[in-house]
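> Okay, here's the structure, questions in a sec.
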Amino acid sequence: MGKKPKKTFWRITRKTLKNLGILGYSKNENIFGINPFIISIIYIAITLALSAIFRKIVKLIFGDSQRITKYLLLEFIATVELCAACYELIIVADNWGVSTYAIFLFLLTVWWGTQWEDASACPYCPIEEVLEGSKNMKTAILTIASQLVGALITFKYVQVLWSLELVETHIDKAYEDCTADLQVDMSVGAVIEAIATCLCRLVSRFLSETDAAFGSYFDAFFGTMMVVAAFNFSGGYFNPALATSLKLGCDGNTLLEHVIVYWFGAIFGSILAVFIYKIKFTQNFIASMKSKVE
Numbered sequence: 001m002g003k004k005p006k007k008t009f010w011r012i013t014r015k016t017l018k019n020l021g022i023l024g025y026s027k028n029e030n031i032f033g034i035n036p037f038i039i040s041i042i043y044i045a046i047t048l049a050l051s052a053i054f055r056k057i058v059k060l061i062f063g064d065s066q067r068i069t070k071y072l073l074l075e076f077i078a079t080v081e082l083c084a085a086c087y088e089l090i091i092v093a094d095n096w097g098v099s100t101y102a103i104f105l106f107l108l109t110v111w112w113g114t115q116w117e118d119a120s121a122c123p124y125c126p127i128e129e130v131l132e133g134s135k136n137m138k139t140a141i142l143t144i145a146s147q148l149v150g151a152l153i154t155f156k157y158v159q160v161l162w163s164l165e166l167v168e169t170h171i172d173k174a175y176e177d178c179t180a181d182l183q184v185d186m187s188v189g190a191v192i193e194a195i196a197t198c199l200c201r202l203v204s205r206f207l208s209e210t211d212a213a214f215g216s217y218f219d220a221f222f223g224t225m226m227v228v229a230a231f232n233f234s235g236g237y238f239n240p241a242l243a244t245s246l247k248l249g250c251d252g253n254t255l256l257e258h259v260i261v262y263w264f265g266a267i268f269g270s271i272l273a274v275f276i277y278k279i280k281f282t283q284n285f286i287a288s289m290k291s292k293v294e
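Following my numbering, the numbering of the sequence shown begins with 1 at its first residue and continues without gaps.
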C-alpha cells in the first residue's frame, strides 16, 4: 500500500476556511468561492479606509485653518462614506436579514462618531445650527449643497464596485432599477420620519449634554433601534441626504412623495426637537440628570 499523500498547507487552510463558512460557495458566481458576506464586509471596509485617507489629506492641506472650504470637503467625504456604506447595507439586509443589518449599522454609527468630528452628513444639522444661532444661513446652504453633491455622486462609486460582480449578491445590482421603501401612505411616512428623527435628535442632545458614560454607544443603539422599527414602513432613513442618495427616483415613489416624507418629515422632526429641547421642562430635567451624574 502506498503512502497517503500529505496534506498541503493550502488544503488544510482551504478546509479550515470552508468549515468557517468563508469559502465553499459556487465559483461560478463567487470569486474563489468566497462567501458573499465577506465581500460586503470588504467593500464597506474599503469605503471607510478611503474616507479616512481623504479626510487625512484634507486636514494635511488645510491644517488648523477654519476656512469654509475645509469644512465643506469634510462634509462631502462624510456624506459619501455614509451613503456608500448604506448601499452595501442594503445588500446585507436583503440577503442576511434586518438583524444583521442592524448590527452593522450600530457598529458603523459608533465608528463614524469617532471619525467625523464636526461633520454631520445630514442636512437638518446645519438648519438646527442656524436656529440656535451658531451658523449663518450662507454657511448652512453651502453645507447642505456639499452634502447633496456627495449624496448624488455616491452611486457612481458604488456602481464601480458592484459592476465587478465578484459575488452572486452583486450580480445585476449595478444597473438594476431601484424600488421605493415607503410602504405606507405619504402622510404616514412623513409622520414616522418626523417622530423618529425628533426622538433621535432629543436623545442625542440629551446624551451629549449630560456627558453620560457610554453615551455614544447608547446614542448609536437608540438610533439603530429607531431605524429597525421604521424599516418596513418608511425605510427608516431619518436623513434627507441619505434618502436622496439611495431612493430618489426609485420605482414606487413620486418626487413629491420623496420630498414630503424624507425631507419635510425629517427636517420638521429635527426642528421640533430643537424647540422641545429648549423648553423649561426639558432643561430642568437635563439639569437634574446632570446633578445625578456629577
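From the three backbone atoms N, C-alpha and C, an ideal C-beta is built for every residue, glycine too.
All of these numbers come straight from a predicted model, not from anything done at the bench.
Scan the stretch 81-161 and note each continuous alpha helix (DSSP H) run of 4 residues or more that stays entirely inside, going in chain order.
Here the runs fully enclosed are 124-131.
> To which residues of the same chain is Ile22 closer than 8 Å at the C-beta, ignoring the five residues directly before and after it?
For the purposes of this step, residue 22 is identified with residue 22 of the sequence shown, where counting begins at 1. Only Ile34, Asn35 and Ile38 meet the Cβ criterion.
> Under 8 Å, with one C-beta from each stretch per pair, do the stretch 58-72 and the stretch 88-104 reach the 3-pair mark?
The stretch 58-72 is not in contact with the stretch 88-104.
> Within the same chain, show all residues whose beta-carbon is closer than 7 Å to that of Met1, passing over the 5 residues directly before and after it, in chain order.
By one-based count along the sequence shown, residue 1 stands at place 1. At Met1 the pLDDT is 46, less than 50, meaning the model places this residue with poor confidence; the figure from the coordinates comes in the next sentence. Same-chain partners within the cutoff: there are none.
> Out of curiosity, what's the CA-to-CA distance linking Glu165 and Ser40?
If you number the sequence shown from 1, residue 165 lands on position 165. If you number the sequence shown from 1, residue 40 lands on position 40. Approximately 12 Å, taken between the alpha carbons.
> Counting pairs of beta carbons, one from the stretch 141-157 and one from the stretch 215-227, are three or more of them closer than 8 Å?
No: fewer than three Cβ pairs fall under 8 Å.
> For the alpha helix (DSSP H) that Arg55 lies in, which residues bound it at each end?
Here residue 55 corresponds to residue number 55 of the sequence shown, with the count starting at 1. Segment Pro36 to Phe62, the alpha helix (DSSP H) holding Arg55.
> With Thr197 and Gly269 assumed to form a contact (beta carbons below 8 Å), what rounded beta-carbon distance in angstroms separates them?
Residue 197 sits at position 197 when you count from the first residue of the sequence shown. Residue 269 sits at position 269 when you count from the first residue of the sequence shown. Thr197 to Gly269, Cβ: 3 Å. Contact.
> So, under 8 Å CB-CB, Gln159 and Thr79 are touching, yes? Tell me the CB distance rounded to an integer number of Å.
As a working note, residue 159 is residue 159 in the sequence shown. As a working note, residue 79 is residue 79 in the sequence shown. Not confirmed; about 17 Å, so no contact.
> Check Thr8 in the structure and name its three-state DSSP category.
In the sequence shown, the residue the question calls residue 8 occupies position 8. Coil, per DSSP.
> In this structure, does DSSP put Asp296 in helix, strand or coil?
An answer regarding residue 296 cannot be provided, because it is not within the stretch 1 to 294 covered by the chain.
> My guess is that Phe264 and Val184 are in contact by the Cβ rule of under 8 Å, so how many angstroms apart are they, rounded?
As a first step, residue 264 is located in the sequence shown; it is residue number 264 there, counting from the start. As a first step, residue 184 is located in the sequence shown; it is residue number 184 there, counting from the start. In fact, because the Cβ distance is near 15 Å, the residues do not count as touching under 8 Å.
> How long is the line joining the alpha carbons of Leu142 and Val259, rounded to whole angstroms?
Reading the sequence shown from its first residue, position 142 is the one you call residue 142. Reading the sequence shown from its first residue, position 259 is the one you call residue 259. For Leu142 and Val259, the distance between alpha carbons rounds to 19 Å.
> Cβ atoms of Ile91 and Thr169: under 8 Å apart, would you say?
As a working mapping, residue 169 is identified with position 169 in the sequence shown. As a working mapping, residue 91 is identified with position 91 in the sequence shown. Cβ distance < 8 Å, so Thr169 and Ile91 count as in contact.
> Measure the Cβ-Cβ separation of Leu199 and Met226 and say whether it is below 8 Å.
Counted from its first residue, the sequence shown places residue 199 at position 199. Counted from its first residue, the sequence shown places residue 226 at position 226. Yes; because the gap between Cβ atoms is below 8 Å, this pair is in contact.
> By Cβ distance below 7 Å, which residues in the same chain neighbour Cys86 in space, the five residues on each side in sequence not counted?
Locating residue 86 in the sequence shown gives position 86, counting from the first residue. Counting only Cβ-Cβ distances below 7 Å, and skipping sequence neighbours, we find Leu242 and Leu246.
> So, are the CB atoms of Phe62 and Lys70 less than 8 Å apart?
Working through the sequence shown from its first residue, we reach residue 62 at position 62. Working through the sequence shown from its first residue, we reach residue 70 at position 70. For Phe62 and Lys70, yes; Cβs fall inside 8 Å.
> Looking only at its chain, what residues have a beta carbon closer than 8 Å to the beta carbon of Trp96, apart from the 5 residues adjacent to it on each side?
As a working mapping, residue 96 is identified with position 96 in the sequence shown. Taken in chain order, the residues that qualify are Phe37.
> What number of angstroms, rounded off, separates the C-alpha of Ala230 from the C-alpha of Ile171?
Numbered from its first residue, the sequence shown carries residue 230 at position 230. Numbered from its first residue, the sequence shown carries residue 171 at position 171. Those two C-alpha atoms are separated by around 28 Å.
> On a Cα-Cα basis, can you pick out the residue from Asp94, Ala174 and Glu176 that is closest to Gly235?
Translated into positions along the sequence shown, residue 235 becomes position 235. Taking only the C-alpha atoms, the option nearest Gly235 is Asp94.
> Less than 6 Å between C-beta atoms, sequence neighbours within five positions excluded: which residues of the same chain meet that for Ile192?
Numbered from its first residue, the sequence shown carries residue 192 at position 192. Within the same chain, Ile192 has close Cβ partners Ala230, Phe233 and Ser234.
> If you check the beta carbons only, do Val167 and Asn30 fall under 8 Å apart?
Counting from 1 along the sequence shown, the entry for residue 167 is found at position 167. Counting from 1 along the sequence shown, the entry for residue 30 is found at position 30. It is a contact, given that the beta carbons lie within the stated cut-off.
> When the distance is taken between beta carbons, is Ile276 closer than 8 Å to Leu202?
Translated into positions along the sequence shown, residue 202 becomes position 202. Translated into positions along the sequence shown, residue 276 becomes position 276. Yes. Within cutoff.
> Any idea what DSSP makes of Phe275, helix, strand or coil?
Locating residue 275 in the sequence shown gives position 275, where the first residue counts as 1. Reduced to three states, the DSSP call for Phe275 is helix.
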